[in-house]
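Have a look at the structure below before the remarks.
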Amino acid sequence: MEVALKLCMCCSKPIKGRTDKKYCNDYCRNNFNNQSHSSSNNYMRHINGLLQKNRRILAAILPSTASRTKTSHSQLLEKGFLFQYSTHQVLNKKGHQYHFCYEYGYLAINESSYMVVRRKNQESSY
């Protein structure tokens, strides 16, 4: 009885070993999976890059010794801040809504100014 020759799903080389094996080695397995998920991964990488950029901008505005500072809408825009991207929102006890990019957040004070804050831990309030 002749056994059917299985080929690697990535490089099409013959596979040796278990009968349910799909790839000839770990490199081919990783390469195949990375290529098959690349379109969704590219979108997530792009969004995460925008979130990280927003975080860097907020971190640069807030001095390391301060827990909060004020900035203008125009200053954030000049640095390339994108208001439509944030990781989460927090409503404080006073009912003010903070928008966060990871641990750095901002609160709209009025149309032209913002309060930038750094969140120390999940339980801290503003």
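The letter at position 86 of the sequence shown is residue 773 when you use my numbering, and the numbering goes up by one with no holes. Quick reminder that beta carbons are idealized off the backbone N, C-alpha and C, glycines included. Because the structure is a prediction, the values reported are computed rather than measured.
- About 14 Å separates the beta carbons of Tyr785 and Arg742, which is beyond the 8 Å limit, so they are not a contact pair.
- By the neighbour-count criterion, in which 16 or more other beta carbons inside 10 Å mark a residue as buried, Leu778 falls on the exposed side.
- With respect to Lys766, Ile796 sits apart: the two C-beta atoms are not nearer than 7 Å.
- By the Cβ rule, the region 691-707 counts as touching the region 716-733, because three or more pairs are nearer than 8 Å.
- Closest in alpha carbon position to Lys807, among Phe768, Arg755, Gln771, Leu763, is Arg755.
- Here Tyr772 has Ile734, Leu737, Leu738, Asn741, Cys788 as same chain residues with Cβ atoms under 8 Å from its own Cβ, once five neighbours each way along the sequence are excluded.
- Collapsing the DSSP output to three states places Gln771 in coil.
- For Arg806, the secondary structure class from DSSP, reduced to helix, strand or coil, is coil.
- Under DSSP, Cys788 shares a beta bridge with Tyr791.
- Per DSSP, Ser723 is one residue of the alpha helix (DSSP H) stretching across 713-723.
- When beta bridges are read from the DSSP output, Pro750 appears opposite no residue.
- Ser699 and Asp707 have their C-alpha atoms some 15 Å from each other.
- Annotation: the continuous beta strand (DSSP E) that includes Ser759 extends over 755-759.
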